[in-house]
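**Student:**
Protein chains: 2
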Amino acid sequence: MKYGIAIFPSKRVQDFANSYRKRYDSHYALIPPHITLKSAFEADEQQIDQIVQELQRIAAETAVIPLTITKFSSFYPSNTVIYLKVEPNETLTALHQKLYSGIFTDQPEFAFVPHITIGRDLSDGEYFDVYGQLKMQTVHFSETADRFHLLYQLEDGAWTVYETFRLGKENA
Amino acid sequence: MKYGIAIFPSKRVQDFANSYRKRYDSHYALIPPHITLKSAFEADEQQIDQIVQELQRIAAETAVIPLTITKFSSFYPSNTVIYLKVEPNETLTALHQKLYSGIFTDQPEFAFVPHITIGRDLSDGEYFDVYGQLKMQTVHFSETADRFHLLYQLEDGAWTVYETFRLGKENA
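Which chain is which? The protein sequence lines are A and B, in order. Note that the working numbering has the first sequence beginning at 443, numbered continuously upward. Note that the working numbering has the second sequence beginning at 443, numbered continuously upward.
1) Tell me the residue span of the alpha helix (DSSP H) that contains S461/A.
2) Which of the three DSSP states is assigned to K540/A in this structure?
3) Beta-carbon within less than 6 Å of E496/B's beta-carbon, same chain only, minus the 5 sequence neighbours each way: which residues are those?
4) Per DSSP, which one or two residues make a beta bridge with L592/B?
5) Could you list which residues in chain A have their beta carbon closer than 9 Å to that of H474/B, in chain order?
6) Report back the beta-carbon spacing between Q456/A and T602/B to the nearest angstrom; my notes put them in contact at under 8 Å.
7) Please name the residue in A448/A, T510/A, L541/A, P508/A whose C-alpha comes closest to that of I493/A.
8) Using a beta-carbon distance cut-off of less than 8 Å, what residues from the segment 573-595 of chain B approach chain A?
9) In the DSSP assignment, find the unbroken alpha helix (DSSP H) run with Y525/B in it and report its ends.
10) Per DSSP, P508/B forms a beta bridge with which residues?
11) For A505/A, count neighbouring Cβ atoms within 10 angstroms of its own Cβ and tell me buried if that reaches 16, exposed if not.
12) Looking at chain A, is there any beta carbon in it that lies within less than 8 Å of the beta carbon of F450/B?
13) Is the CB of D457/A under 8 Å away from at least one CB in chain B?
14) Quick one: does the C-beta of E605/B sit closer than 7 Å to a heavy atom of the ligand GDP?
15) Candidates H591/A, Q539/A, R454/A, D548/A: which alpha carbon is nearest E585/A's?
16) Tell whether a beta-carbon distance below 8 Å holds between V581/A and I477/A.
17) When the Cα of S461/B is compared with those of Y470/A, S515/A, A600/A, which residue comes out closest?
18) Taking only beta-carbon positions, decide if K464/B is within less than 8 Å of chain A.
19) Express the C-alpha separation of Y466/B and I473/A in angstroms, rounding to a whole number.
20) Could you tell me whether the Cβ atoms of K480/A and I449/A are closer together than 8 Å?
Listed below in structure tokens is the structure:
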């Protein structure tokens, strides 16, 4: 089964992101707006039990995470993904690193650029049109994430939450 | 903010349900296949903290839940919803009751018929056509739910998971 790990920002930020995703993101219906901490990886039932325990341990030792969203940005010319930029910070980066070390033997495909995707699979023409407008727009959200989620992927590509991990809490 | 409480069945059952929901359920993109335990209710941030605590308490005292899915059924003629019937059992019914008592002062709109919706908003013609085929089909899934989820609704109608509650575990 394929799993992934993500943070959902506040409803306010999700509503803002979805107002664009609806039009520009082909994954709009598959998952709510999110910051990917660990992209899709394979695990069987036995492995996932061990991973859940490890995530509880990691969550317990991780402080709540400041999320500051400052602008629209993009991965162009690598691809035409447009995203809301989440300012990197030590806590977020350290958490990302922990999800790619220890029992997690896979390596990240890209350097960690925390972001919330709002557009993808755009043609070059669409991309320039949409991004040209968005990059002029002022964006500022500042909030705190106090949890992350382990999700699994269904056959149609949609993601279901398997478990929530609260940061720095007695729950671990 | 609007919240709801639901169980997600196994990936196997979700994949099966989605193969129909894709075509027949207008809510397909809004939430994964689920059994509603408590339908949409309003709560503010302060209330939700209290509700989360109560849900932890309820989850801790609730055993894992047998989910036996036996056939397609429908709410016709009340409406044209088609669903996978989940056999009622004491644990499931008791959990449902707890989510409508104590600090939860709202009352259920309908008698509790545990189900996984796979079609809705069908015209009468579509309904008879689809349900006529499905009701002949043999369905049997038997599994155990060990958790439920508290979700909140975004402005576009989609649901995001807020927190997971494991049944009968030390996590409460």
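Every residue, glycine too, gets a C-beta built ideally from N, C-alpha and C.
**Tutor:** Short version:
1) 453-466
2) helix
3) I545
4) I447/B, E605/B
5) A small fix is needed here, since residue 474/B is Pro in this sequence, not His. Per Cβ cutoff of 9 Å: L596, A600, W601, T602, V603.
6) 6 Å
7) L541/A
8) R589, H591, Y594
9) Run containing Y525/B: none in the alpha helix (DSSP H); it sits in the beta strand (DSSP E), 524-528.
10) T586/B
11) exposed
12) yes
13) yes
14) For the structure depicted, the ligand GDP is absent and the ligand set is empty, with no information on it obtainable.
15) R454/A
16) no
17) A600/A
18) yes
19) 20 Å
20) no
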